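Under our numbering, residues 61 to 323 are what the sequence shown spells out, in order.
For each residue, glycine too, the CB sits at the ideal point set by N, CA and C.
Computed from a predicted model, the values in this text were never measured in an experiment.
This report concerns only the one structure given below.
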Amino acid sequence: MSLTSTGLITTVEDGVAVITLDRPEVRNAFDDALIAALTRAYDAAAVDPAVHAVLLRANGPTFCAGGDLNWMRRMATYSRQENLADAMALATLMRTIDLCPKPTLVRVHGSAFAGATGLIAASDIVVAVPEAEFAVTEVRIGLIPSVISPYLVRAMGARQARRYFLTAERFSAETALALGLVHEVVPAEELDAAIARHLKALKAASPGALAATKALIAAVDRPFDQTVLQDTARRIADQRVSADGREGVSAFLEKRKPKWGAA
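Here is the structure:
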């Protein structure tokens, strides 16, 4: 087992790389250090011959609340170039998960907001409990769901993305299932059994065939390229340093209404 100071626990158990978000004190929110650690964990799993599949899970009552407040405070002072580098790191994490040659699963035992929905959408198989809630909340603080948008739009479709990206409303696990963001919703007491069932099916398949099948799906789905990845990072960097972006993040951190929301 490898326990890091970034709030991430990684283990390999019976051919499964288990990656556990372990920052329950901040609802497993991620910052630049955790993003880097997650990227390294998925990269390591991708090349480890002992790993047949990768499972992302979390400790504590919340799956992941999105961005960490202290990280957001630092981002609020970043230059555009610093924001671009920061955004590219998150974009690279999403792409790393998406292109992982091993099957990737997510165990959603609690709510998932903002960037956490990108982690889910970039993965292969997602199982959630009925109590889980989801939301793409960026517009509420003057930002945009830029680097996670290719995966969310692919998962739920542009029509549904128009609603949930723009309203930032919370939606249930059953709605996430209907949208295609999650694959299965089961009672909490059945969550581990459902994950085990999917892992059993995956372990019965050829590792080479699984990797080739993932590559096949990517080829016929015509995924976005490096240009799009860089463009989405540019867009969120620009939004972070815009007047609305700075006002929205400041208002959020100061627990007040942003100027555009004033009565």
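Indicate the three-state DSSP secondary structure (helix, strand or coil) for residue i in the structure shown.
{"i": "A323", "result": "With a pLDDT of only 41 at A323, under 50, the local geometry of the prediction cannot be trusted, and no value is derived from it."}
{"i": "S310", "result": "helix"}
{"i": "T71", "result": "strand"}
{"i": "V78", "result": "strand"}
{"i": "P318", "result": "coil"}
{"i": "E249", "result": "helix"}
{"i": "L237", "result": "helix"}
{"i": "E85", "result": "helix"}
Express the C-alpha separation of residue j and residue i in angstroms, rounding to a whole number.
{"i": "A113", "j": "L81", "result": "17 angstroms"}
{"i": "A233", "j": "Q290", "result": "31 angstroms"}
{"i": "V196", "j": "K263", "result": "33 angstroms"}
{"i": "L68", "j": "L98", "result": "8 angstroms"}
{"i": "I185", "j": "V242", "result": "7 angstroms"}
{"i": "A275", "j": "P161", "result": "8 angstroms"}
{"i": "P247", "j": "F194", "result": "17 angstroms"}
{"i": "R230", "j": "A188", "result": "15 angstroms"}
{"i": "R133", "j": "A104", "result": "30 angstroms"}
{"i": "A261", "j": "L239", "result": "24 angstroms"}
{"i": "A125", "j": "A110", "result": "31 angstroms"}
{"i": "R167", "j": "V78", "result": "10 angstroms"}
{"i": "E120", "j": "A89", "result": "With the sequence shown as reference, residue 120 is identified as Gly, and Glu is not the correct amino acid for it. Distance between the alpha carbons of G120 and A89 is about 12 angstroms."}
{"i": "G217", "j": "W131", "result": "30 angstroms"}
{"i": "T287", "j": "E249", "result": "43 angstroms"}
{"i": "S302", "j": "A151", "result": "20 angstroms"}
{"i": "V280", "j": "R223", "result": "27 angstroms"}
{"i": "T70", "j": "A101", "result": "7 angstroms"}
{"i": "D180", "j": "R83", "result": "Checking the displayed sequence, the identity of residue 180 turns out to be Ile instead of Asp. C-alpha separation (whole angstroms): 18 angstroms."}
{"i": "I204", "j": "H258", "result": "33 angstroms"}
{"i": "I296", "j": "V309", "result": "13 angstroms"}
{"i": "D304", "j": "I208", "result": "20 angstroms"}
{"i": "L313", "j": "T156", "result": "30 angstroms"}
{"i": "L212", "j": "L144", "result": "21 angstroms"}
{"i": "T292", "j": "M154", "result": "12 angstroms"}
{"i": "P267", "j": "S206", "result": "33 angstroms"}
Run through the DSSP bridge pairs and tell me what residue i is partnered with.
{"i": "S266", "result": "Beta-bridge pairing links S266 to no other residue."}
{"i": "V114", "result": "A77 and T164"}
{"i": "F90", "result": "G127"}
{"i": "S139", "result": "Answer by DSSP bridge pairing: none, since S139 is not bridged."}
State the start and end residues of the unbroken alpha helix (DSSP H) segment that holds residue i.
{"i": "V288", "result": "Q286 to R300"}
{"i": "T66", "result": "Careful: T66 lies outside any alpha helix (DSSP H) and carries neither H nor E."}
{"i": "R219", "result": "A218 to T227"}
I'd like the ranges of any beta strand (DSSP E) spanning at least 3 consecutive residues and lying wholly in the region 155 to 216.
Unbroken beta strand (DSSP E) runs of no fewer than 3 residues, entirely contained in the region 155 to 216, are found at 164 to 168, 185 to 188 and 193 to 195, following chain order.
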